[in-house]
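Notes for the one structure printed next.
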Amino acid sequence: MTTTPTAGTRPDDVRRHNRAALLRRLHVHGPSTRASLATDLGLNRSTIKALVDGLAEDGLVEERVPAQRSGAGRPSLLVLPQPQAAVVLAIDIRVERAGMALVGIGGEILGRGGWNIRSTTNDPREVFTKIVDTAGPLIDELGVHPVAAGVSVPGVVRHQDGFVHEAPNLHWTDIPLGAWLSRALQLPVHMGNDAELGALAEHLRGVARGYDDLVYISAEVGVGGGVISNGVSMRGAGGHHVGEVGHMVVRPQGRQCYCGSHGCWETEVGERALARALGLDEDSPVGAIVHELRLLSANGEAPGELAEFTDWLALGLGNVVNLLCPQLVVLGDLFTALPPALVEHVERTVRERSLVSRALAGTRVATSALGTDAKLLGAAELAFETVLADG
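See the structure below:
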């Protein structure tokens, strides 16, 4: 989100602000003509020309004749961000797997890697070592040097320094991962909760583009939530993320949760709960769960065997909608494999039961457009925030 320079701002500060705004516009929305940039940013054409020329001289953008032309006359040149001119390292730590990518300005993934995390190798120092050992060869292979790193973690993370207070499904407590990585990688490292970063990615590049108020709910071993309010990530005291919806107690006498409580929402709609609902062993691999869900999707109707799971999912989402008043709820990770008819049923139920949803003429419920890349891309966007602010 950009701000308007105030009266009395120095010319150099105005230029820097306008340059950052233009670069961010290209990063998020892609190639654009100078005329469109002038209209979108509220700047005159001579200012846009000077900004584009300066960014081109620095190698951050280039101008190109569009591949498809329409109409007579000279075509308007497109201004395009140059992906390798500014690259960030994105890392997505999950309970069973970690992913890594080098992402260029404009959101292009230039290269990636990943590895499995087993319960015997999820020690935070081992994960840290693997990140460092994987990053070096990936950077060398592509011949680019990242200017910052972004890290997604399934837990409570302090944005200020990347301190992981608790990641219950990883069994991590009080881990200064941000400081470790910053020293080892020699980069600014920005860390956030995984669902928060999933929400950020969907807002900027996924199904939630154009929505300023949304909630992203993802299911893996646990269930997490991220909130975008008025176009920005909602955070609580100390800069911690808002959205530990998986630990919202919905069944006080229910199953024990990893967090130590009983009857948390994720015990009724998380990965293990979904496996049980499908008649599978609750420790079944994700692939087996997805396979069963795809078979059910072929029927075109909300599957009866998932009726209780559907009720718990709708109950929790109704509470979330009543509390946060989003225009859109995005279902991510394992939830993207749910049969479309089930998702439609959940949407109707939320609209019927939620006072807030009725006031909004119906909150939408949709599955993620980015799938398993959502949190990785969100980590990249977190790193790009400061990079783009500097122009």
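The numbering used here numbers the first residue of the sequence shown as 43 and each following residue consecutively.
Glycine residues also receive a C-beta, built at the ideal position from the N, C-alpha and C atoms.
None of the values given here were measured: they were computed from a predicted structure.
Going by DSSP, P123 is part of the beta strand (DSSP E) stretching over L120 to P123. By the criterion of at least three beta-carbon pairs nearer than 8 Å, the region 219 to 239 is not in contact with the region 386 to 398. Here the alpha carbon of V169 sits roughly 43 Å from the alpha carbon of D54.
Here P123 is buried. Its C-beta has 16 or more other C-beta atoms within 10 Å. Beta-bridge partners assigned by DSSP to G156: G141. Burial check for P210: the Cβ neighbour count within 10 Å reaches 16 or more, so the residue is buried. With a cut-off of 8 Å on Cβ pairs, the region 373 to 381 is in contact with the region 404 to 414, counting three or more such pairs. A residue is called buried when at least 16 other Cβ atoms come within 10 angstroms of its Cβ; E347 does not meet this threshold and is exposed. In the assembly as shown, S74 is a buried residue. Its beta-carbon has 16 or more other beta-carbons within 10 Å. Cβ-Cβ separation between R76 and V121: approximately 6 Å, consistent with a contact (criterion under 8 Å). Close CB contacts of I270 within its chain, under the 6 Å cut and outside five residues either way in sequence, are with A241, H245 and L256 (chain order).
Between the region 286 to 298 and the region 330 to 347 there are fewer than three C-beta pairs closer than 8 Å, too few to call the two in contact. One thing to note: A62 has its Cβ no nearer than 9 Å to the Cβ of D100.
Below 8 Å, enough C-beta pairs join the region 249 to 265 and the region 307 to 318 to call them touching: three or more. Remark: three or more beta-carbon pairs, one from each stretch, lie closer than 8 Å, so the region 179 to 186 and the region 142 to 162 are flagged as touching.
Burial check for G267: the Cβ neighbour count within 10 Å reaches 16 or more, so the residue is buried. The Cβ-Cβ distance between V70 and R247 falls below 9 Å. Taking C-alpha positions only, W222 is separated from A431 by approximately 25 Å. Annotation note: the region 254 to 325 contains the following uninterrupted alpha helix (DSSP H) runs of length 4 or greater, listed N- to C-terminal: 308 to 311 and 313 to 319.
Counting along the chain, R390 sits inside the alpha helix (DSSP H) bounded by residues P382 to R395.
In this structure, R139 places its C-beta atom within 9 Å of the C-beta atom of G156.
Taken through DSSP and simplified to helix, strand or coil, R400 comes out as helix. For N364, the uninterrupted alpha helix (DSSP H) segment begins and ends at A349 to L366. The beta carbon of G342 is closer than 7 Å to those of A383 in its chain, skipping five residues each way along the sequence. CA-CA distance, A349 to L320, rounds to 11 Å. F351 places its beta carbon 9 Å or farther from that of G192.
From the listed residues L380, V206, P381 and E105, the smallest Cα separation to P196 is found for V206. N235 is bridged by DSSP to V195.
Per the DSSP secondary-structure output, T409 pairs in a beta bridge with L373. Annotation for N364: S396, L397 and V398 place their beta carbon closer than 7 Å to its own, counting only its chain and skipping 5 residues before and after. The beta carbon of L357 is closer than 7 Å to those of V292 in its chain, skipping five residues each way along the sequence. Non-local C-beta neighbours of T215 in its own chain, meaning closer than 7 Å and more than five positions away in sequence, comprise E208, ordered along the chain.
Closest option to A403, judged by alpha-carbon separation, among Q369, R106, L418 and R167: Q369. Residues A143, L144, L180, E183 and L184 of the same chain have their beta carbon placed closer than 8 Å to that of G153, with the five preceding and five following residues left out of the count. Following the DSSP letters along the chain, one finds T428 in no beta strand (DSSP E) but inside the alpha helix (DSSP H) bounded by residues A416 to A431.
Per DSSP, the continuous alpha helix (DSSP H) segment holding E99 begins and ends at R87 to E99.
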